[in-house]
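In this note's numbering, the protein residues as written are 40 to 176.
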């Protein structure tokens with residue numbers, strides 16, 4: 040299974056926030072730290088904020104921080120949120136995609152079970168387990 044860049048950016052940001060729970064980070068600071076687009080990270084942060092995973096504050100002393108303790112946020116929850124509009128394969132799309140093998144496909148059920156197992160494994164770990172702090176320079 041391959042996660043989107045959107046999810047990758049979200050996981051990195053959340054891991055960083057979990058590694059320093061007592062401070063707020065500017066989106067630009069995180070983008071610079073990870074060498075990623077600030078614009079794309081801002082979109083990810085907006086999704087995380089609307090889901091209640093991060094808290095954002097504007098202005099001096101503002102930034103983003105975790106809205107809940109890292110121990111209460113599972114990796115599975117984050118991946119489900121950020122991959123919500125990404126079907127594993129075309130036939131999993133809400134439209135059914137353009138699969139010509141349906142309804143006789145023998146792969147779809149196996150892939151569905153694999154996806155469930157993948158997310159169940161991620162549900163066993165929290166952001167606290169993956170908190171990231173940069174090495175001292």
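Even glycine gets a Cβ: it sits at the ideal position worked out from N, Cα and C.
Query                                                                                                                  : Result
Distance between residue 81 and residue 43 (C-alpha atoms, nearest Å)                                                  : 16 Å
Coil, strand or helix - residue 102 by DSSP                                                                            : strand
Residue range of the unbroken alpha helix (DSSP H) whose run includes residue 46                                       : 44 to 58
Secondary structure, beta strand (DSSP E): runs of 3+ residues fully inside the region 88 to 154                       : 93 to 96 and 102 to 105
For residue 127 and residue 92, believed in contact at Cβ under 8 Å, the rounded distance                              : Incorrect: roughly 22 Å between the Cβ atoms, too far for contact.
For residue 165: DSSP bridge partner residues                                                                          : 113
Close-in-space but distant-in-sequence residues of the same chain around residue 58 (CB under 7 Å, 5 per side omitted) : 170, 171 and 172
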